[in-house]
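Colleague: Residue numbers (the numbering used here): 4 to 287. Every residue gets a Cβ at the ideal spot worked out from N, C-alpha and C, and that includes glycine.
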Amino acid sequence: MYIGTEQLTHTYMPGTPFATKALQDITFSLQQGCFALIIGPSGSGKSTLIQHLNGLLKPTAGRVFFAGQSIGSDKQALLGLRKKIGLVFQMPEEQFFAETVYDEIAFAPRNQGLTENEVEERVNNAFEKTGLQSASLLKRHPFQLSAGQKRLVAIAAVLSLNPEVLILDEPTVALDLDSRDHLFNLLAQLNQEEGLTIIISTHHLDHVAALADTALVLKQGQLMLAGSLDEVFSRRKALYEMGLSLPAVTEIMHSLAERGLPVSTCVYTMQKAKQEILAAKKRG
Ligand SMILES: Nc1ncnc2c1ncn2[C@@H]1O[C@H](COP(=O)(O)OP(=O)(O)O)[C@@H](O)[C@H]1O
Ligand SMILES: [Mg+2]
4 MYIGTEQLTH TYMPGTPFAT KALQDITFSL QQGCFALIIG PSGSGKSTLI
54 QHLNGLLKPT AGRVFFAGQS IGSDKQALLG LRKKIGLVFQ MPEEQFFAET
104 VYDEIAFAPR NQGLTENEVE ERVNNAFEKT GLQSASLLKR HPFQLSAGQK
154 RLVAIAAVLS LNPEVLILDE PTVALDLDSR DHLFNLLAQL NQEEGLTIII
204 STHHLDHVAA LADTALVLKQ GQLMLAGSLD EVFSRRKALY EMGLSLPAVT
254 EIMHSLAERG LPVSTCVYTM QKAKQEILAA KKRG
């Protein structure tokens, strides 16, 4: 197991009248290099689970694993862990505090005690990876950027730690279509070319299904489905009952299959849909 949990349970405000069981008995394991989706309705426990994966929240019961080891509460070990597992919060730009984009991205590497030359290299490297175009942006105030640019700066601020795993909590919230496409392309590139393990929670399955290989589905704090994306997305009825729908193109393929057209339903892009339909027609 590269990253995962064993019977993880989390209760907020335990022992008070406000106690909320946000996660219950969650067990799963993910492979290194995977691109995993955490999906589920609002309030199902996605953010709570994500914050356990880099040790920000402590399990009420059960354990979290990374690279074969149980994540404990030792301070030094947790600091090491957070260098390897980068977490981008929901609406991360709300937590910007530096005067320039450069300083925002430089914060984490500076905190590690790197020399200013090393910090500069980390900043430039992370900034370039995100595909932000003009280097002059580095001198701007973070609040002078567009929503899409701010989100990329927040991601660069985490990439500057050179993490092995990048976890993002609803990274496309409040982004326009172009920024969302750019972000998903960036995640695909980090996964395929840089070998980063990517874990994201999202509602925008249409765009991300073609990139991901693994899915976890939460409902009311319980893990309802887990496995390869194809396995999980083949459970259309179960997903529907949880208030979740498949990507639009996958829905169309299910409808065609139900009407007797011999097509695969594991289809997440228009291009693959076209190929499948043409091949099915050819077969008669
Ligand atoms: N800080 C908190 N204190 C108390 N309850 C919380 C807190 N954060 C989340 N919860 C509760 O835990 C449950 C899961 O929330 P969350 O993990 O934020 O779900 P999601 O990210 O899927 O919307 C919800 O019932 C939510 O109200
Ligand atoms: Mg959430």
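If you check the beta carbons only, do Leu189 and Lys132 fall under 9 Å apart?
Modeller: Residue mapping note: residue 189 aligns to position 186 of the sequence shown, counting from 1. Residue mapping note: residue 132 aligns to position 129 of the sequence shown, counting from 1. For Leu189 and Lys132, yes; Cβs fall inside 9 Å.
Colleague: Please determine, among Leu56, Gly71, Cys37, Val266, the residue with the shortest C-alpha to C-alpha distance to Gln195.
Modeller: Indexing the sequence shown from 1 puts residue 195 at position 192. Nearest option by C-alpha distance: Cys37.
Colleague: Could you tell me whether the Cβ atoms of Leu264 and Ile29 are closer together than 9 Å?
Modeller: Taking the sequence shown and counting its residues from 1, the one referred to as residue 264 is at position 261. Taking the sequence shown and counting its residues from 1, the one referred to as residue 29 is at position 26. No. Outside cutoff.
Colleague: Across which residues does DSSP place Gln225 in a beta bridge pair?
Modeller: Position 222 of the sequence shown, counting from 1, holds the residue named residue 225. Partner(s): Lys222.
Colleague: Touch check for the stretch 261-278 and the stretch 232-244: three-plus C-beta pairs under 8 Å?
Modeller: Yes, the stretch 261-278 is in contact with the stretch 232-244.
Colleague: Restricting to runs no shorter than 3 residues, where is the beta strand (DSSP E) found entirely within the stretch 51-77?
Modeller: Runs of the beta strand (DSSP E) inside the stretch 51-77: 64-69.
Colleague: What does DSSP give as the partner residues of Ser204 in its beta bridges?
Modeller: Within the sequence shown, residue 204 is the residue found at index 201, counting from 1. Ile41, Asp172, per the DSSP bridge assignment.
Colleague: Considering only DSSP beta bridges, list what Thr8 is partnered with.
Modeller: Locating residue 8 in the sequence shown gives position 5, where the first residue counts as 1. Beta-bridge pairing links Thr8 to Phe31, Val67.
Colleague: Taking just the CA atoms, how far does Met256 sit from Ile202?
Modeller: Indexing the sequence shown from 1 puts residue 202 at position 199. Indexing the sequence shown from 1 puts residue 256 at position 253. Roughly 26 Å separates the two Cα atoms.
Colleague: Measure from the alpha carbon of Leu84 to the alpha carbon of each residue in Glu97, Asn165, Val252, Glu173, then state which is nearest.
Modeller: What you label residue 84 is simply residue 81 of the sequence shown in a count that begins at 1. Looking at the Cα atoms, Asn165 is the closest of the given residues.
Colleague: Can you give the Cα-Cα distance for Leu141 and Ala213, rounded to whole angstroms?
Modeller: Taking the first residue of the sequence shown as 1, we reach residue 141 at position 138. Taking the first residue of the sequence shown as 1, we reach residue 213 at position 210. Those two C-alpha atoms are separated by around 32 Å.
Colleague: Of the residues Lys285, Gly246, Leu281, which one's Cα is nearest the Cα of Pro44?
Modeller: Walking along the sequence shown from the start, residue 44 turns up at place 41. With distances taken between Cα atoms, Pro44 lies closest to Gly246.
Colleague: By a C-beta neighbour count over all protein chains shown, 10 Å radius and 16 as the cutoff for buried, is Glu261 buried or exposed?
Modeller: Locating residue 261 in the sequence shown gives position 258, counting from the first residue. The residue is exposed, with fewer than 16 neighbouring Cβ atoms inside 10 Å.
Colleague: My output table needs one value for Ser139: the three-state DSSP class, helix, strand or coil.
Modeller: Walking along the sequence shown from the start, residue 139 turns up at place 136. The answer is helix: DSSP assigns Ser139 an H, G or I state.
Colleague: Cβ of Lys284 within 8 Å of any heavy atom in ligand 2?
Modeller: Against the sequence shown, residue 284 aligns to sequence position 281. False, no ligand heavy atom lies under 8 Å from that Cβ.
Colleague: Which of helix, strand or coil does DSSP assign to Ala157?
Modeller: Within the sequence shown, residue 157 is the residue found at index 154, counting from 1. Reduced to three states, the DSSP call for Ala157 is helix.
Colleague: Does the Cβ-Cβ distance between Ala229 and Leu242 come in under 9 Å?
Modeller: Here residue 229 corresponds to residue number 226 of the sequence shown, with the count starting at 1. Here residue 242 corresponds to residue number 239 of the sequence shown, with the count starting at 1. Going by C-beta atoms, Ala229 is not nearer than 9 Å to Leu242.
Colleague: Taking Cβ to Cβ, would you say Phe92 is nearer than 9 Å to Ile6?
Modeller: The residue you call residue 92 lines up with position 89 of the sequence shown. The residue you call residue 6 lines up with position 3 of the sequence shown. No; because the gap between Cβ atoms is not below 9 Å, this pair is not in contact.
Colleague: Are Thr14 and Thr23 close, meaning C-beta to C-beta below 9 Å?
Modeller: Within the sequence shown, numbered from 1, the residue matching residue 14 stands at position 11. Within the sequence shown, numbered from 1, the residue matching residue 23 stands at position 20. Taking 9 Å as the Cβ cut-off, Thr14 and Thr23 qualify as a contacting pair.
Colleague: Would you kindly report the start and end of the unbroken beta strand (DSSP E) that includes Leu193?
Modeller: Taking the sequence shown and counting its residues from 1, one reaches residue 193 at position 190. Here Leu193 belongs to no beta strand (DSSP E); instead the alpha helix (DSSP H) covers 180-195.
Colleague: Tell me where the beta strand (DSSP E) around Val266 begins and ends.
Modeller: Taking the sequence shown and counting its residues from 1, one reaches residue 266 at position 263. Where Val266 is concerned, there is no enclosing beta strand (DSSP E), given that its DSSP letter is neither H nor E.
Colleague: Since I believe Ala111 is in contact with Ala160 (beta carbons under 8 Å), could you give me their beta-carbon distance rounded to a whole number of angstroms?
Modeller: By 1-based counting over the sequence shown, the position of residue 160 is 157. By 1-based counting over the sequence shown, the position of residue 111 is 108. Right, the Cβ-Cβ distance comes to about 6 Å (below 8 Å), so this counts as a contact.
Colleague: In this structure, does DSSP put Ser231 in helix, strand or coil?
Modeller: Walking along the sequence shown from the start, residue 231 turns up at place 228. Here Ser231 sits in strand by DSSP.
Colleague: Taking 9 Å as the threshold (C-beta atoms), are Leu117 and Leu155 in contact?
Modeller: As a first step, residue 155 must be located in the sequence shown, where it is residue number 152. As a first step, residue 117 must be located in the sequence shown, where it is residue number 114. Going by C-beta atoms, Leu155 is not nearer than 9 Å to Leu117.
Colleague: In angstroms with no decimal places, state the Cα-to-Cα distance between Asp179 and Glu96.
Modeller: In the sequence shown, the residue the question calls residue 179 occupies position 176. In the sequence shown, the residue the question calls residue 96 occupies position 93. The straight-line gap from Cα to Cα measures roughly 15 Å.
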